[in-house]
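So my numbering is basically just the index in the sequence shown, starting at one, shifted up by 228.
A virtual CB, placed ideally from N, CA and C, is assigned to each residue, including glycine.
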Amino acid sequence: MDSETFIYLLWGGLAIALIAAAVTDLKSRHISNWLNLGIALGAPIFWIASGMTIWPEMIGQIGLAAVIFTIFAAMFAVGAMGGGDVKLLTALSLWMHWLTFLELLVIMSIAGGLLTLLMMISKTIRKTEGPIKVPYGVAIAFSGLWMIWGITGHSSQTIF
229 MDSETFIYLL
239 WGGLAIALIA
249 AAVTDLKSRH
259 ISNWLNLGIA
269 LGAPIFWIAS
279 GMTIWPEMIG
289 QIGLAAVIFT
299 IFAAMFAVGA
309 MGGGDVKLLT
319 ALSLWMHWLT
329 FLELLVIMSI
339 AGGLLTLLMM
349 ISKTIRKTEG
359 PIKVPYGVAI
369 AFSGLWMIWG
379 ITGHSSQTIF
């Protein structure tokens, strides 16, 4: 198997993992630590297959993940995001260049806003009590799938 095919298989595996994260978050409002760990551990395999250098590329990916974890862990600490969402974003950041990941965050924010709006409408129609629990893993997975679609050449460019 050539390296390009292997890289596409890795992207496919990541896509499947993101779909699994979205489905489980939607059903149970929980994203498995094992799933997040699998996504994170797949990244170094991707780095090697892609021919990334240790410095600055691989170290840069780890640095990006550390920054993402720090920012979103702070959001978790104030109750703005779930722990599984933080870990999913951190694991996903290991797969993408920081500029690509910034695009992912914009798409995630838009998708998350739309998802929240749908949840609010649903709550109003159903007349349910209590706070809205938004399965933000769905927005994260959607944005990850969007970026994979662009990265793997299914669109001529990403959105920006």
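Coil, strand or helix - residue i by DSSP
i, result
"residue 352", "helix"
"residue 309", "coil"
"residue 338", "helix"
"residue 290", "helix"
"residue 284", "helix"
"residue 380", "coil"
C-beta atoms of residue i and residue j nearer than 8 Å
i, j, result
"residue 379", "residue 318", "no"
"residue 332", "residue 372", "yes"
"residue 364", "residue 313", "yes"
"residue 316", "residue 259", "yes"
"residue 242", "residue 267", "yes"
Same chain, Cβ closer than 7 Å to residue i, neighbours up to 5 away in sequence not counted
i, result
"residue 369", "246, 247, 249, 250"
"residue 234", "277"
"residue 343", "362, 366, 367"
"residue 348", "360"
Sequence-distant residues of its chain with Cβ nearer than 6 Å to residue i (five each side left out)
i, result
"residue 297", "318"
Alpha helix (DSSP H) runs contained entirely in the stretch 229-273, provided each spans 4 or more residues:
Listed in chain order, the complete alpha helix (DSSP H) runs (minimum 4 residues) inside the stretch 229-273 are 231-256.
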